[in-house]
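In full-length UniProt numbering, the protein residues as written are 1 to 230.
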């Protein structure tokens, strides 16, 4: 990936240090919110990459990890779409690069990070529990590698209580994949849970548009994750 003037840090060392710092503060009794970091794997549109960076910076999330193998380059187009957020993240050490996303996620899990995979499945079950429009799905209940934009059947999903989506006590990685193909199977295998934006669980009726693009979905999910940590 050509980074130009932006110089992302290595995700492995940065995530390990971030988790260690948070644990040290927690162990000492200091109140400290658990970090939230967005991870991009297969986001090839520079406009989407830049918009997600802007959401990360605006919501004061703790970092943005970009795959060096299958994401858009850190180009002028991405920088323009981010409205300066990529530079802000880079200057503050929150812009990170992963050579192998699935291996990075495996290492992060061993360091205590919870990995949430974004899935665009819409909630079609009127009996779904929880008042939030963001649901958490147990990874063990989603066995297929269905891409973002396709439905995961209600029988294959196991919604948790809405508060689990915004657990303020666990460092969390939110993984977002390609709009066309979703999360790759090797990445899905490293997810502890899956999250979906499910308006119908909050009482909204289904509309003619059944999903958001990846940058809009990232903003909604990051907001839900970050607000509980304030």
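Ideal Cβ placement from N, Cα and C applies to all residues, glycine included.
Note that the structure is predicted; figures quoted are calculated from it, not measured.
Reference residue i; option with closest CA among the options
i	options	result
residue 118	110, 81, 35 and 221	221
residue 207	213, 182 and 199	199
residue 34	63, 6, 209 and 75	63
residue 13	183, 190, 108 and 80	108
residue 195	180, 173 and 185	173
residue 182	26, 61 and 70	70
residue 110	192, 93, 212 and 213	192
residue 93	83, 60, 76 and 75	60
residue 179	212, 17 and 197	212
residue 36	197, 30 and 15	15
In DSSP terms, what residue i is bridged to
i	result
residue 172	36 and 114
residue 66	40 and 97
residue 182	178
residue 10	97
Spatial neighbours of residue i in its chain, beta-carbon cut-off 8 Å, leaving aside the 5 residues before and after
i	result
residue 112	19, 23, 170 and 171
residue 187	41, 101, 102, 105, 117, 175 and 177
residue 10	96 and 97
residue 114	167, 170, 171, 172, 173, 192 and 193
residue 149	A caution first: residue 149 carries a pLDDT of 33, below 50, which makes its placement in the model too unreliable to give a value.
Expected contact under 8 Å - CB spacing of residue i and residue j to nearest Å
i	j	result
residue 52	residue 8	With a Cβ gap of about 14 Å, residue 52 and residue 8 do not count as contacting.
residue 231	residue 219	There is simply no residue 231 to check, as the chain begins at 1 and stops at 230 in what is shown.
residue 56	residue 85	7 Å
residue 6	residue 96	No, residue 6 and residue 96 are not in contact; Cβ-Cβ is about 11 Å, not under 8 Å.
residue 79	residue 98	At roughly 20 Å, the Cβ-Cβ gap does not stay under 8 Å, so residue 79 and residue 98 are not in contact.
Other residues of its chain near residue i: CB distance less than 7 Å, five sequence neighbours each side excluded
i	result
residue 45	72
residue 32	22, 25 and 26
residue 89	53, 56, 57, 64 and 95
residue 145	Because the pLDDT at residue 145 is just 34, under 50, the model does not fix this residue reliably, and the value given afterwards should be weighed accordingly. Hits under 7 Å: 185 and 188.
residue 83	54
residue 190	102, 105, 106, 109 and 115
Contacts around residue i, its chain only, beta-carbon distance under 6 Å, and the 5 residues preceding and following it disregarded
i	result
residue 215	48, 51 and 52
residue 166	Residue placement at residue 166 is flagged as unreliable, the pLDDT there being 49, under the threshold of 50; a coordinate-derived value is accordingly withheld.
residue 77	46
residue 81	47, 50 and 51
Mind pulling the alpha helix (DSSP H) runs of 4 or more residues that sit fully within the segment 66-91?
76-82 and 85-91
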